[in-house]
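Asker: Could you have a look at this structure, given as structure tokens, before my questions?
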Amino acid sequence: MNITMDIIKTILLVIVVIAAAAVGLIKGDFFSADQKTSQTNEYDETIALPSDRYPETAKHIEDAIIEGHSDVCTIDRDGAEERREQSLKDVPPKTGYDRDEWPMAMCKEGGEGASVEYISPADNRGAGSWVGHQLTDYPDGTKVLFTIQ
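Residue 697 in this note's numbering sits at position 9 of the sequence shown, with consecutive numbering throughout.
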């Protein structure tokens, strides 16, 4: 009888742990911006991309950072076109989608090897406009930590 109760208790404990992990993953608590730390401690400014407004872009950035891409963008507007060509060269255009890059082409960290995902044009262009507006007053060379809100 004691062995049966021990087995039942163990099974219940495993179920509770799995349920807690599933809830955490679904709610995003395990990967929220509040719990992540920057891969580098060197940045000048921080911006938080609103995931409720730009969910596809936010997910792409989160996934790319988890894969090891930088969460800091060193602004370098002059090199953006060349980096965009490098990052998109092996990713053909797809009708009805934009190719989203992380790190962005305007970041020194972008270019060859950047993560590229197909996302909806409205999400990509809206997020691009939002980010551009946030960074307008920052000069080239500013290091900006990106978080997801």
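Every residue gets a Cβ at the ideal spot worked out from N, C-alpha and C, and that includes glycine.
#1: Tell me the rounded alpha-carbon separation between G784 and I696.
#2: Residues in its own chain within less than 7 angstroms of A746 by CB, not counting five upstream and five downstream?
#3: Please report the straight-line C-alpha distance between A721 and G816, rounded to a whole angstrom.
#4: Less than 8 angstroms between the CB atoms is what I'm expecting for C795 and D825, so what's the real figure, rounded?
#5: Mapping the DSSP letters down to three states, classify A793 as helix, strand or coil.
#6: Where do the ends of the beta strand (DSSP E) carrying I763 lie?
#7: Note the first and the last residue of the continuous beta strand (DSSP E) segment covering S803.
#8: Going by CA-CA distance only, name the one from K831, L823, G820, S808 that's closest to P684.
Answerer: Walking through what the data contain:
#1: Going by C-alpha positions, G784 is about 52 angstroms away from I696.
#2: Around A746: L737, S739, I836.
#3: Unreliable placement is indicated for A721, whose pLDDT of 42 sits below 50; the coordinate value is still reported in the next sentence. Cα to Cα, the separation comes out at about 20 angstroms.
#4: Going by Cβ atoms, the distance from C795 to D825 rounds to 17 angstroms, so no, they are not a contact pair.
#5: Of the three classes helix, strand and coil, the one that applies to A793 here is coil, per DSSP.
#6: In the DSSP assignment, I763 falls outside any beta strand (DSSP E), carrying neither H nor E.
#7: S803: member of the beta strand (DSSP E) spanning 803 to 807, first to last residue.
#8: Residue 684 lies beyond the stretch modelled for the chain, which goes from 689 to 837, so this question has no answer here.
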